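Worksheet: the structure to be examined is printed underneath.
Numbering (mature numbering (1 follows the signal peptide of the UniProt record, and there is no 0)), first residue to last: -21 to -1, 1 to 601.
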């Protein structure tokens, strides 16, 4: 794990992302302090005074107190100058750099504390402060990746890989794998500041809509150690989870370091929850008069701040004229229980759908729109998804479509006869095209189905459903009912933990001949997965790659980096680079070449379970 990845400080050129060499470190000292003062020209020293004669006496004598000799030099302490007739002291009497009394009266308590050096830099005592040597929420003993794997890696490469993660993953299992890597308790590269390393990971988690994981990660760092990047990522996560007061520690610590409107309103909100309701109200009234932000934003801040303490007052939210939704409006409106106009919600992006799905304070009907998306992308686990629909069923009511889904899901799990359970699963999956998010819902229901020849036609979907939750042992029990060359057989070949014999040319050809997917996409993904897991002979892989018109071994800067990271057995770096290569809004963005390099690298560094599940998912969703 400690082998140095010999990539140097190479830039990771992916898309429009460029990494340039770092500038030379700048001195932190003020001008004039970092250069030594010029040595003065030596001058001839005056001759020493003549030695005084001393009367002989004993070698050891008691000290004698003598009166001081009269001096004609200027006194050290100057008299206080008299004030002129106008009453104001002369300019020389004012200590340079300090504000006047009138200016002091205009300062608020926070500004006065900063001026006098009384504002704390940490929100916890010295004995309770945590080291930043390792930051994360998943230790290696809990399934996290090796803590010290990145210590000797080039900081520029790690920085480029993390900066390259800017959106969701096309693969659900890829999302799960990357979340695990980003949340692991890791030590920063030796050439990177630990706060920057934590900030880049938090930013990447936000890009994947893992806001709860981001919040937990940033809270593993003492607020006094946050840099601007960590603060920005934390504020985004707090808004996405509607945890407004969660931002108060950093708002208090950093105080006047920022002056943007959102920060100013957060300061006022935090005053209210600190028991300073009058001050909060006065500041927000001033913000409203000065129009530092759109009216609806300030009104929402006033409504939220007014919920603290006893100084409540009615705040009417005027949505008329508001043309778009933003994270601030969504978070505060959700937190105070205000209704957002349907027109704004209808045109809202996927961000708001996933944020709503994760918020238990919202009505189930409003959360349902984003639940399927969160399930498909990996934000929701299979058990969490079942829990949501169980709540829908328990509450009852007229929730229309989601209530129907909940009823079918219950039948899929607890139906008395296997045939009834199978019929419920078919209805959930769909007829013409299979809904992948619904396959995640039924993963454990599929595992409860007894393997039987009566359900041979359903075997591929049952196997795919089980593999969405990683139930490979249950899926393998269906091997006798998954004929060779079929999709179920292909999924099991990729998912099985080990395989003694490679897939032969005849076996792959039987799958390719039966493939009815567009442009043989399933065959392309199957071949890439087999090659990445080393479960097909190299000559056969090259032959079928030509047949399918794909190039698995085409090199690029990204493929070189992930291959070298795999050769160095560095799991975290491979995971980060795999995340860079799996971004997109649909599975169509995944190419067989990218899949091959990702699966091969993950398998090589010990993440074989994730590699197998990603390969199987590729065939199921192609």
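Backbone N, C-alpha and C define an ideal beta-carbon position, used for all residues, glycine too. None of the values given here were measured: they were computed from a predicted structure.
CA-CA distance, residue 111 to residue 177, rounds to 9 Å. With a threshold of 16 other beta carbon atoms within 10 Å, residue 501 meets it and is buried. Contact check for residue 202 and residue 216: beta-carbon distance about 14 Å, past the 8 Å limit, so the pair fails to qualify.
The Cβ neighbour count for residue 517, taken over all protein chains shown within 10 Å, is under 16; the residue is labelled exposed.
The continuous alpha helix (DSSP H) containing residue 182 extends over residues 173 to 186. Residue state for residue 114 is assigned as strand, using DSSP reduced to three classes. Under the DSSP assignment, residue 523 falls in the alpha helix (DSSP H) whose first and last residues are 517 to 526. Residue 197 and residue 348 have their C-alpha atoms roughly 29 Å apart. In this structure the segment 221 to 241 does not touch the segment 256 to 265; the number of beta carbon pairs closer than 8 Å is below three. Taken in chain order, the complete alpha helix (DSSP H) segments of 4 or more residues contained in the segment 105 to 167 are 134 to 142, 151 to 162.
For residue 415, the enclosing alpha helix (DSSP H) has its first and last residue at 415 to 420.
Secondary structure of residue 562 (DSSP, three-state): strand. With 16 or more other Cβ atoms from the protein chains shown falling within 10 Å of its own Cβ, residue 204 counts as buried. In the structure shown, the three-state DSSP call for residue 482 is strand.
For residue 386, the enclosing alpha helix (DSSP H) covers residues 379 to 393. Per DSSP, the unbroken alpha helix (DSSP H) holding residue 470 starts and ends at 466 to 474.
The C-alpha of residue 386 lies about 16 Å from the C-alpha of residue 398. In the three-state DSSP reduction, residue 357 falls in the coil class, being neither helix nor strand.
In summary, residue 429 is exposed, with fewer than 16 beta-carbon neighbours lying within 10 Å of its beta-carbon over all protein chains present. The beta carbons of residue 418 and residue 382 sit no closer together than 8 Å. According to the DSSP assignment, residue 194 belongs to the alpha helix (DSSP H) that extends over 190 to 197. In the structure shown, residue 530 adopts coil according to DSSP, grouped into three states. Where residue 541 is concerned, the enclosing alpha helix (DSSP H) starts and stops at 536 to 546. Residue 380 has its alpha-carbon roughly 48 Å from the corresponding atom of residue 129. Residue 406: member of the alpha helix (DSSP H) spanning 397 to 408, first to last residue.
For residue 295, no alpha helix (DSSP H) run applies, since DSSP gives it neither H nor E. Assignment of residue 584 by DSSP, reduced to helix, strand and coil, places it in the coil class.
Taking a contact to require three or more Cβ pairs closer than 8 Å, the segment 532 to 540 and the segment 115 to 126 do not qualify as touching. Leaving aside the five residues that flank residue 526 on each side, the residues in its chain whose CB is nearer than 8 Å to its CB run, in chain order, 491. Taking C-beta separations shorter than 6 Å and ignoring five residues to either side along the sequence, the partners of residue 310 in its chain run 218, 221, following chain order. Residue 311 sits in a helix when the DSSP states are folded into three classes.
Residue 535 has its alpha-carbon roughly 58 Å from the corresponding atom of residue 254. For the pair residue 544 and residue 552, the Cα-to-Cα distance works out to about 6 Å. Non-local C-beta neighbours of residue 341 in its own chain, meaning closer than 8 Å and more than five positions away in sequence, comprise 313, 335, ordered along the chain.
With fewer than 16 other CB atoms across the displayed protein chains lying within 10 angstroms of its CB, residue 362 is exposed. Buried is the label assigned to residue 503, since at least 16 other Cβ atoms lie within 10 Å of its Cβ.
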